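Down below is the structure, laid out as structure tokens.
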Amino acid sequence: MTLNGIDVTDFLTAMLATGLLRAVPLAIASLGDVFAQKAGLLNLGIEGMMLSGCFFGFHAAYKTESVVLGMLGGIAGGLAMALLFGFLTIHLRVDQVLVGLAITIFAAGLTGYLFRDWYGGQNVAANVRARSIEIPLLSDIPIIGPAIFHRQIIFYICWALVPVFAWLLYRTRFGLNVRAVGESPFAADAAGVNVIRTRYLAIGLAGVMAGFAGAFLAVADLRIFTIGMTVGQGFIALAITMLGGWNPWRIAAGAILFGMLNALGDSLQIVGVGIRTEFIGMLPYIGIMLALVVLAGKTQLPASLGVPYARGQR
Amino acid sequence: MNRVRRPFRILGVLTLLAAFGMGFIAPALAQDASPEPTISTAALITPSARTNLGWDQQGADGLDAAAAATGITAIVAENGGYDDITPALADLADEGAQLIICHASGYQTTCPDFAAQNEGVSVAVIENPDAVSERVADIETQAQEVAYLAGVLAGLTTTTGTVGVVVSGEPPTWNYMTVGFAEGLNASNPDAKLIYSVIGEAAYDDAAGAKRVTEQQLANGADIIFGMGDGASFGMIEAIREYNEANAETPAWFIDVIGDKSADYSDVLLTSVLFDYSGIYEEMIRNAGTDQFGQVYTMNVENGGVRLLDLPESVPAETADAVASAQASIIDGSVTVSAVGDSEGMHAKLAELGYE
Chain A
1 MTLNGIDVTD FLTAMLATGL LRAVPLAIAS LGDVFAQKAG LLNLGIEGMM
51 LSGCFFGFHA AYKTESVVLG MLGGIAGGLA MALLFGFLTI HLRVDQVLVG
101 LAITIFAAGL TGYLFRDWYG GQNVAANVRA RSIEIPLLSD IPIIGPAIFH
151 RQIIFYICWA LVPVFAWLLY RTRFGLNVRA VGESPFAADA AGVNVIRTRY
201 LAIGLAGVMA GFAGAFLAVA DLRIFTIGMT VGQGFIALAI TMLGGWNPWR
251 IAAGAILFGM LNALGDSLQI VGVGIRTEFI GMLPYIGIML ALVVLAGKTQ
301 LPASLGVPYA RGQR
Chain B
315 MNRVRRPFRI LGVLTLLAAF GMGFIAPALA QDASPEPTIS TAALITPSAR
365 TNLGWDQQGA DGLDAAAAAT GITAIVAENG GYDDITPALA DLADEGAQLI
415 ICHASGYQTT CPDFAAQNEG VSVAVIENPD AVSERVADIE TQAQEVAYLA
465 GVLAGLTTTT GTVGVVVSGE PPTWNYMTVG FAEGLNASNP DAKLIYSVIG
515 EAAYDDAAGA KRVTEQQLAN GADIIFGMGD GASFGMIEAI REYNEANAET
565 PAWFIDVIGD KSADYSDVLL TSVLFDYSGI YEEMIRNAGT DQFGQVYTMN
615 VENGGVRLLD LPESVPAETA DAVASAQASI IDGSVTVSAV GDSEGMHAKL
665 AELGYE
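Here the protein sequences line up with chains A and B, keeping their order.
For the first sequence, position 202 (counting from the first letter as 1) is numbered 202 according to my numbering, and the numbering increases by one without interruption.
So the mapping is simple: my numbering equals the position in the second sequence, first residue as 1, plus 314.
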């Protein structure tokens, strides 16, 4: 069966595969950011943390020719930016919005500078290839088989993190502390929760995941670094975190929705539906806005989001 | 004896007169061909890094070559971005730049405004002939002519009969080349299918987005991708490399634009639509400060300002001959390639050719 001369099975397979792949870095970064936001930290530096993860992940992969070390390099890059964010906002209690934007701008400048200094700005590819696995039988299912069951190992690891983070947030003492600190740090403090430490752990986790997401892009997916390569995906992840109501399962769904709308846009162009490309490009953002409108009033921000904490000062 | 000498005397006098005359005329002729520059410093501002093997690098390299040829100082200001560059222009003027080449279509209005307010500075803009005045020059690139040749090559090389065009936006330069490529494809292989995809509004650095779009095109049968993306091009290349690893028997190819990536990417690079700015920059430098400056400077196939990168050995001789023949037809005027810069016109042209 063909659609405008294009095989429908190939078309749908490519669309599903693309949508899920587009969703991965968004989902990973959002999962980590849940903890930052739930702990009361409005992390606008997530874009910079992702970009840092891209660069340091690529650099580690390029030098060591190892995907694993590349991913660890990316995690370290994201974590470093997150700890800087934490020091300024938790320790020095500087405005979180300003620090977040500053971190993003700083990371763009730093990675651009280092890329030019270390690589002469040349877009060389790292000699790595993330391993793929083909799950027997399931990968033979038409459309969803090749799109879902014949992917890189890291693709499965990323999606497996969704239940892990749901468990961490809702079933562990750490998750409870994070939620308590984000709602009322004073009450949490009075109840014996170490607010400063909890917020550092939360932003650290957000940095780790943002760096991981960046490394996924630069190491597992593209094997290259280009200046500014995150192109706003960190901010989209931030929106997805809120869209998902800080619930890891809903966040995963939101990331898939965004990825699939993106893939749908690309696919509509390939079929040649005659819709202007500008409108097609708007599709994912319209989808996000519609979802936000539908969910308006059904989600509630953590009460202390963006509020610095100092013991004894209300 | 005298009869014999007289013709020699006359010849000698004529020779002296000729030599005397040439003494005056020759420098004047030489001056007409390549006048000495009246400026000492020229600058170029690019939206992104000059090391991207693409648009920015070709512009910066072109200025360096032109400056070396004319003996003036060149300043390259990278990463100007796409916002208001007036402060950067002021800095360049403070550094002594008497000519500023504004190397992005997004600078079409800012630079003429700046020249109007700064008497000692001439500017050059991209694809804005209406802005031409005494101190504003315009650069037109007949890139559609070379893109036509790339289209001819793609039409004769594709084995699946499907060819993809991936762009990181729809600026005039990309649109010119898309139309030229489509016409070339249609001329060489009327049965071929063309898939056209835009990565995003201004997705020049979106390598990941470019990879996704290219993967979809490859999955839907394209085996040649004509990519216009700047930094995003590397995502397209990576998609093709991955595809070729899984499909070694039927590999896909990439046709690049503006720069030469053959040193690192010859495994997937079929050719590139090369832009060589050095010739027109040299002309501008020599004209800057004179009444010759304000004009449209054009790069085309005939003057070598735009050309195809040398084809790889894997391209059959008859295909290379067909491309050379198409080039000759463009130069002698028997083939005229449409010059369509606006995106609406470009889409109309694709529809007219049956591709949308």
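Cβ atoms here follow ideal geometry from the backbone N, Cα and C, with glycine treated the same way.
Bear in mind that the values here come from a model prediction, so they are computed numbers and not experimental data.
When the Cα of residue i is compared with those of the options, which residue comes out closest?
i, options, result
"residue 508 (chain B)", "A:271, A:49, A:133", "A:271"
"residue 13 (chain A)", "B:456, B:526, B:350", "B:526"
"residue 647 (chain B)", "B:654, B:404, B:616", "B:616"
"residue 542 (chain B)", "B:480, B:523, B:500", "B:480"
"residue 7 (chain A)", "B:657, B:535, B:428", "B:535"
"residue 462 (chain B)", "B:521, B:415, B:495, B:442", "B:495"
"residue 170 (chain A)", "A:293, A:213, A:247, A:138", "A:247"
"residue 212 (chain A)", "A:5, A:9, A:48", "A:48"
"residue 205 (chain A)", "A:19, A:21, A:2, A:50", "A:50"
"residue 43 (chain A)", "A:55, A:242, A:177, A:163", "A:242"
"residue 620 (chain B)", "B:487, B:600, B:359", "B:487"
"residue 440 (chain B)", "B:573, B:407, B:628, B:359", "B:359"
"residue 466 (chain B)", "B:574, B:584, B:385", "B:584"
"residue 665 (chain B)", "A:200, A:297, A:275", "A:275"
"residue 154 (chain A)", "A:235, A:115, A:68, A:188", "A:68"
"residue 589 (chain B)", "B:352, B:369, B:641", "B:369"
"residue 558 (chain B)", "B:545, B:577, B:533, B:546", "B:533"
"residue 10 (chain A)", "A:176, A:145, A:115", "A:145"
"residue 220 (chain A)", "A:1, A:55, A:93, A:45", "A:55"
"residue 207 (chain A)", "A:24, A:174, A:311, A:28", "A:28"
"residue 22 (chain A)", "A:286, A:297, A:256, A:273", "A:256"
Kindly list, in the order they appear in chain B, the residues whose Cβ is closer than 8 Å to that of residue i.
i, result
"residue 14 (chain A)", "529, 530, 533, 534"
"residue 229 (chain A)", "519, 520, 521, 522, 545"
"residue 124 (chain A)", "578"
"residue 6 (chain A)", "534, 535"
So is residue i buried or exposed if we call it buried at 16+ other beta carbons inside 10 Å?
i, result
"residue 38 (chain A)", "buried"
"residue 663 (chain B)", "buried"
"residue 678 (chain B)", "Here chain B has residues from 315 to 670 only, and residue 678 (chain B) is not among them."
"residue 17 (chain A)", "buried"
"residue 372 (chain B)", "buried"
"residue 606 (chain B)", "exposed"
"residue 59 (chain A)", "buried"
"residue 348 (chain B)", "exposed"
"residue 600 (chain B)", "buried"
"residue 273 (chain A)", "exposed"
Please check the pair residue i and residue j, which I expect to be a contact at CB under 8 Å, by giving their CB distance rounded to whole angstroms.
i, j, result
"residue 74 (chain A)", "residue 259 (chain A)", "Incorrect: roughly 20 Å between the Cβ atoms, too far for contact."
"residue 380 (chain B)", "residue 121 (chain A)", "Rounded, the Cβ-Cβ distance is 22 Å, inconsistent with contact."
"residue 284 (chain A)", "residue 254 (chain A)", "That pair is no contact at about 11 Å."
"residue 224 (chain A)", "residue 218 (chain A)", "7 Å"
"residue 109 (chain A)", "residue 210 (chain A)", "The pair is not a contact, with the Cβ atoms about 17 Å apart (cut-off 8 Å)."
"residue 482 (chain B)", "residue 518 (chain B)", "5 Å"
"residue 408 (chain B)", "residue 424 (chain B)", "With 8 Å as the limit, residue 408 (chain B) and residue 424 (chain B) do not qualify as a contact, their Cβ atoms being about 17 Å apart."
"residue 3 (chain A)", "residue 203 (chain A)", "Residue 3 (chain A) to residue 203 (chain A), Cβ: 47 Å. No contact."
"residue 34 (chain A)", "residue 196 (chain A)", "With 8 Å as the limit, residue 34 (chain A) and residue 196 (chain A) do not qualify as a contact, their Cβ atoms being about 20 Å apart."
"residue 454 (chain B)", "residue 443 (chain B)", "7 Å"
"residue 304 (chain A)", "residue 183 (chain A)", "6 Å"
"residue 636 (chain B)", "residue 502 (chain B)", "7 Å"
"residue 81 (chain A)", "residue 103 (chain A)", "6 Å"
"residue 523 (chain B)", "residue 549 (chain B)", "7 Å"
What residues from chain A crowd round residue i, counting only those whose CB sits closer than 7 Å?
i, result
"residue 514 (chain B)", "281"
"residue 540 (chain B)", "Per Cβ cutoff of 7 Å: no residues; residue 540 (chain B) is ~15 Å from chain A at best."
"residue 548 (chain B)", "123, 224, 226"
"residue 507 (chain B)", "5"
Return no unless some Cβ of chain C is closer than 8 Å to the Cβ of residue i.
i, result
"residue 121 (chain A)", "The structure shown contains no chain C; the protein chains it does contain are A and B."
At a CB-CB cut-off below 7 Å, which residues of chain B make contact with residue i?
i, result
"residue 272 (chain A)", "670"
Got a sec: does the ligand NAD put a non-hydrogen atom nearer than 7 Å to the Cβ of residue i?
i, result
"residue 110 (chain A)", "This structure does not include the ligand NAD; it has no bound ligands of any sort."
Name, please, each residue of chain A whose Cβ falls closer than 9 Å to the Cβ of residue i.
i, result
"residue 511 (chain B)", "266, 269, 270, 277"
"residue 552 (chain B)", "125, 221, 222, 223, 224"
Please list the partners that residue i has in chain B, where partner means a Cβ-to-Cβ separation under 9 Å.
i, result
"residue 58 (chain A)", "Chain B residues near residue 58 (chain A): none, gap ~11 Å exceeds 9 Å."
"residue 10 (chain A)", "533, 534, 535"
Just the chain A side, please: which residues come within less than 8 Å of residue i by C-beta, in chain order?
i, result
"residue 526 (chain B)", "18, 21, 22, 262, 263, 266"
"residue 365 (chain B)", "116, 120, 121, 122"
Any chance you could list the beta strand (DSSP E) runs of at least 3 consecutive residues sitting entirely within the region 90-146 of chain A, in chain order?
-> Counting only runs of 3 or more, we get 132-134.
Which full runs of the beta strand (DSSP E) of 3+ residues lie inside the region 16-57 of chain A, going along the chain?
-> Here no run is fully enclosed.
Can you give, in chain order, each stretch of the beta strand (DSSP E) that sits fully within the region 535-591 of chain B and has at least 3 residues?
-> The region 535-591 of chain B contains these whole beta strand (DSSP E) runs: 538-542, 567-572, 583-589.
Taking the runs of the beta strand (DSSP E) that are 3 residues or longer, which of them lie wholly in the region 462-526 of chain B?
-> Fully enclosed beta strand (DSSP E) runs of 3 or longer: 476-481, 507-512.
Curious, which full-length beta strand (DSSP E) runs of at least 3 residues does the region 153-203 of chain A contain?
-> Listed in chain order, nothing qualifies, since the region 153-203 of chain A has no complete beta strand (DSSP E) run of 3 or more residues.
Of all the beta strand (DSSP E) runs that stay within the bounds of the region 231-263 of chain A, which reach a length of 3 or more residues?
-> Counting only runs of 3 or more, we get nothing.
Give, in chain order, every unbroken run of the beta strand (DSSP E) that is at least 3 residues long and sits entirely within the region 358-399 of chain B.
-> DSSP runs (the beta strand (DSSP E)) wholly in the region 358-399 of chain B: 387-391.
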